[in-house]
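Remarks on the structure that follows.
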Amino acid sequence: MTPNPGHTPAPSIRAVADSLASAFLDAARVPLDPGSGGEVLGHGAAAREHGWNRPVLIAAGASVLGARRRWLSPLVRAVLDAYPRAPFDRPRELAAWIEASAVLGDACAAATARGQHLVLVRHAVYEPVGAASPLPATPAELAGLLGLDIGELAWFADQRGWNRRAGSARLQHYRYEWRARPGRVPRLLEVPGQRLMRLQRQLVHEVLTALPIHPAAHGFVPGRSARTGAAVHAGSHVVIGMDLTTFFARVGRSEITAALRRAGWGEAVAPVLAALATHAVPEAVIRAMPPGGNPEERFALAQALRLPHLPQGAPTSPMLANLAMRRLDDRLLGWAAAVGARYTRYADDLTFSGDQRLAARSDAFIRGVSGIVADCGQRVNERKTRVRPRGTSQRVTGIVVNAHPAVDRRSYDALRAPLHNCARTGPAAQNRENLPYFREHLRGRIDWVVSLTPKREPALRRLWEAIEWEEPGSAPLR
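Note that UniProt numbering has the sequence shown beginning at 1, numbered continuously upward.
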């Protein structure tokens, strides 16, 4: 680090993150062996084995910063935890993750407090995502990308809302299922038909993964997760959790269109893509809303569902919601930074954490958040707002973060009980929801707990190995 005289501009945290991401990925592309003639590996197991590891990335980071800083090792450890494999095809995503990391934020803040700034002796050199694959410029090009003719594209996009008025359920693009929630407003699942579902999944894999997602967003973003979001808040003096109500239904088609335009889509094709991913619910479905919630909440939900919105059940909804929430994320990140706090969002869960400054003005801070949320078209569920000071169980998306991300005892017991009962009475008796992949479901839950709390692994291993599965292939935990 170096003193920061008035004529020497300090690099932004984004510039530091970009440069580190570029250096990490360059370092991971190593020769096969010293005699390989300089051949470089760009992908594959060999690249991960030889170049995507802690010593190599620390050395690469030191080459960017001009020295091996103390915070570089924990940053590299966090990167390898979030990205077990090098994201060669997603450099901007890696840079955004590093930019949002608590380690880098703390390092920049500490340098600023000392009147210094980080030095960059090497800068990012990678090309922007999407430079080699331009976006479809016309509806015809979008139709070609999806394997449709222009008439089929118009049918599925349904920009005039004909589908909402279709008399036969067979002609509707979605099927509907109300989920009652005691004491709360019901939830409507809007599940696309098979062909529309395939088209939306194609959009996710071929188009939406390249969209710019805010660094504060951790839900439904490749390389980020509930764990990476929770890690930002570990060891904080106070953690504030807030929840958005009827989140997807409040993200309208016009917001998606505007977000796509800001992301580089042309004015001819952005409305069509937005229409493919949004939907207005038929009036008969709204009238069938089961009891639950107060009249104001029910009215607000019905009004949102009547307008084209992101359906809860469509594969495109989470990523497009993240894109549309970029303005909200920017404003909340700035609001948090004003009191030295951190901010992350996992879908509709907002989390803030900080020191005594945030704790001392938590009420005013929460009121400010609610105002910003309302100004951005969303609404805070005030009943679910929680202020968790140090000394209480601080949870973020179900993960305890008092010292480091970990699974709480209640969640562990909720997994241990079905494992024990599977060994005692058999898996079939415990699969009460008739899940077709019940074994894989349990394995996934075990892997999740062990990734957060490794000390639980021996006990869970014993329970797993005591289960007798009817079908073959029950591999031991590793």
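From the three backbone atoms N, C-alpha and C, an ideal C-beta is built for every residue, glycine too.
Since the structure is predicted, the reported quantities are computational estimates derived from the model, not experimental observations.
When you compare only the Cα positions, how much space is there between residue 166 and residue 172? By 1-based counting over the sequence shown, the position of residue 166 is 166. By 1-based counting over the sequence shown, the position of residue 172 is 172. Taking the straight line from one Cα to the other gives about 6 Å.
Report back the beta-carbon spacing between residue 343 and residue 230 to the nearest angstrom; my notes put them in contact at under 8 Å. For the purposes of this step, residue 343 is identified with residue 343 of the sequence shown, where counting begins at 1. For the purposes of this step, residue 230 is identified with residue 230 of the sequence shown, where counting begins at 1. That pair is no contact at about 13 Å.
Can you have a look at residue 447 and say buried or exposed, based on whether 16 or more other CB atoms are within 10 angstroms of its CB? Locating residue 447 in the sequence shown gives position 447, counting from the first residue. The residue in question, residue 447, is exposed, as its Cβ has fewer than 16 Cβ neighbours within 10 Å.
Opposing strand residues paired with residue 188 [DSSP bridges]: Counting from one through the sequence shown, the residue named residue 188 turns up at place 188. Paired residue(s): 178.
Residues bridged to residue 343 [DSSP beta-bridge criterion]: Position 343 of the sequence shown holds residue 343. Looking at the DSSP assignment, residue 343 forms a beta bridge with 352.
Report yes or no: do the stretch 272-288 and the stretch 302-314 share at least 3 C-beta pairs separated by less than 8 Å? The stretch 272-288 makes contact with the stretch 302-314; the number of CB pairs closer than 8 Å reaches 3 or more.
Classify residue 467 as helix, strand or coil using the three-state DSSP reduction. If you number the sequence shown from 1, residue 467 lands on position 467. In the structure shown, residue 467 sits in coil (DSSP, three-state: anything other than H, G, I, E or B).
Among residues of its own chain, excluding the 5 on either side of residue 430, which ones have a beta-carbon nearer than 7 Å to its beta-carbon? As a position in the sequence shown, residue 430 is number 430, starting the count at 1. Within the same chain, 418, 421, 422 come within 7 Å of residue 430 by CB-CB distance, once the 5 residues on both sides are set aside.
For the alpha helix (DSSP H) that residue 242 lies in, which residues bound it at each end? Along the sequence shown, read from residue 1 onward, the residue named residue 242 stands at position 242. Where residue 242 is concerned, there is no enclosing alpha helix (DSSP H), although the beta strand (DSSP E) it sits in stretches over 238-243.
Local conformation of residue 312 per DSSP, three classes: Translated into the one-based positions of the sequence shown, residue 312 becomes position 312. The answer is coil: DSSP assigns residue 312 none of H, G, I, E or B.
Could you have a look at residue 425 and say whether DSSP puts it in helix, strand or coil? By 1-based counting over the sequence shown, the position of residue 425 is 425. The three-state reading of DSSP puts residue 425 in helix, counting H, G and I together.
Please report the straight-line C-alpha distance between residue 321 and residue 468, rounded to a whole angstrom. By one-based count along the sequence shown, residue 321 stands at place 321. By one-based count along the sequence shown, residue 468 stands at place 468. Their Cα atoms are separated by approximately 42 Å.
Within 10 angstroms of its Cβ, does residue 162 collect 16 or more other Cβ (buried), or is it exposed? Within the sequence shown, the letter at position 162 stands for residue 162. Label assigned to residue 162: exposed.
I'd like the list of long-range same chain contacts for residue 480, defined as Cβ closer than 6 Å, with 5 residues on each side in sequence excluded. Past the boundaries of the shown model lies residue 480; the chain is included only from 1 to 478, so the question cannot be answered.
Could you spell out the range, first to last residue, of the alpha helix (DSSP H) harbouring residue 91? Numbered from its first residue, the sequence shown carries residue 91 at position 91. That run of the alpha helix (DSSP H) goes 91-100.
May I have the straight-line CA-CA distance separating residue 253 from residue 312, to the nearest angstrom? In the sequence shown, residue 253 corresponds to position 253, counting from 1. In the sequence shown, residue 312 corresponds to position 312, counting from 1. Taking the straight line from one Cα to the other gives about 14 Å.
If I measure Cβ to Cβ from residue 68 and keep anything under 6 Å in the same chain, skipping five residues before and after, which residues do I get? For this step, residue 68 is matched to residue 68 along the sequence shown. Residues of the same chain with a CB within less than 6 Å of the CB of residue 68, apart from the 5 flanking positions on each side, are 62 in chain order.
Give the secondary structure of residue 378 by DSSP, where H, G and I count as helix, E and B as strand, and everything else as coil. Residue mapping note: residue 378 aligns to position 378 of the sequence shown, counting from 1. In this structure, DSSP gives residue 378 a state outside helix and strand, which the three-state scheme calls coil.
Just mark residue 402 as buried or exposed, buried being the case when its beta carbon has 16 or more other beta carbons within 10 Å. Looking up residue 402 in the sequence shown gives position 402. Residue 402 should be labelled buried.
Residue from 466, 266, 20 whose Cα sits closest to the Cα of residue 91: For the purposes of this step, residue 91 is taken as the residue at position 91 of the sequence shown. Of the listed residues, the one whose Cα sits closest to residue 91 is 20.
Between residue 85 and residue 465, what straight-line distance do the alpha-carbon atoms span, to the nearest angstrom? What you label residue 85 is simply residue 85 of the sequence shown in a count that begins at 1. What you label residue 465 is simply residue 465 of the sequence shown in a count that begins at 1. Looking at the two C-alpha atoms, the distance is approximately 29 Å.
To the nearest angstrom, how far is it from the Cα of residue 318 to the Cα of residue 310? As a working note, residue 318 is residue 318 in the sequence shown. As a working note, residue 310 is residue 310 in the sequence shown. Approximately 9 Å between the Cα atoms of the pair.
For residue 262 and residue 103, the rounded distance between their alpha carbons: For the purposes of this step, residue 103 is identified with residue 103 of the sequence shown, where counting begins at 1. For the purposes of this step, residue 262 is identified with residue 262 of the sequence shown, where counting begins at 1. If you draw a straight line from the Cα of residue 103 to the Cα of residue 262, it is about 30 Å long.
With the cut-off set at 8 Å, would you say residue 115 and residue 292 are in Cβ contact? Locating residue 115 in the sequence shown gives position 115, counting from the first residue. Locating residue 292 in the sequence shown gives position 292, counting from the first residue. Remark: C-beta atoms of residue 115 and residue 292 do not approach each other more closely than 8 Å.
Indicate the three-state DSSP secondary structure (helix, strand or coil) for residue 403 in the structure shown. The residue you call residue 403 lines up with position 403 of the sequence shown. Here residue 403 sits in coil by DSSP.
Three-state secondary structure (DSSP) of residue 217: Here residue 217 refers to the residue found at position 217 of the sequence shown. Here DSSP, grouped into helix, strand and coil, assigns residue 217 to strand.
Helix or strand or just coil, what does DSSP make of residue 116? The sequence position of residue 116 within the sequence shown is 116, counting from 1. Three-state result, residue 116: strand.
Rounded to a whole number of angstroms, what is the C-alpha to C-alpha distance between residue 53 and residue 89? Your numbering for residue 53 matches position 53 in the sequence shown. Your numbering for residue 89 matches position 89 in the sequence shown. Distance between the alpha carbons of residue 53 and residue 89: 18 Å.
Minimum length 3: unbroken beta strand (DSSP E) runs contained in the stretch 425-461: Runs found: none.
Determine the DSSP secondary structure at residue 369, reduced to helix, strand or coil. Residue mapping note: residue 369 aligns to position 369 of the sequence shown, counting from 1. DSSP places residue 369 in helix when its eight states are reduced to three.
Sub-8 Å separation of residue 387 and residue 232 beta-carbons: The residue labelled residue 387 in the question sits at position 387 within the sequence shown. The residue labelled residue 232 in the question sits at position 232 within the sequence shown. Going by C-beta atoms, residue 387 is not nearer than 8 Å to residue 232.
Whole angstroms are fine: how far does the CA of residue 363 sit from the CA of residue 130? Here residue 130 refers to the residue found at position 130 of the sequence shown. Here residue 363 refers to the residue found at position 363 of the sequence shown. Below a pLDDT of 50, predicted positions are generally treated as unreliable, and residue 130, at 40, falls in that range; no measurement from the model is reported.
Since residue 407 and residue 452 should fall inside the 8 Å C-beta cutoff, what is the C-beta to C-beta distance between them, to a whole number of angstroms? Residue numbering aside, residue 407 sits at position 407 when the sequence shown is read from its first letter. Residue numbering aside, residue 452 sits at position 452 when the sequence shown is read from its first letter. Rounded, the Cβ-Cβ distance is 5 Å, consistent with contact.
Rounded to whole angstroms, what is the Cα-Cα separation between residue 22 and residue 211? Your numbering for residue 22 matches position 22 in the sequence shown. Your numbering for residue 211 matches position 211 in the sequence shown. The straight-line gap from Cα to Cα measures roughly 19 Å.
According to DSSP, simplified to helix, strand and coil, what is residue 14? Counting from one through the sequence shown, the residue named residue 14 turns up at place 14. If DSSP states are grouped into helix, strand and coil, residue 14 belongs with the helices.
Quick check: the Cα distance between residue 113 and residue 456, rounded to an integer number of angstroms? Within the sequence shown, residue 113 is the residue found at index 113, counting from 1. Within the sequence shown, residue 456 is the residue found at index 456, counting from 1. Each residue's CA atom was taken as its position, placing residue 113 and residue 456 some 40 Å apart.
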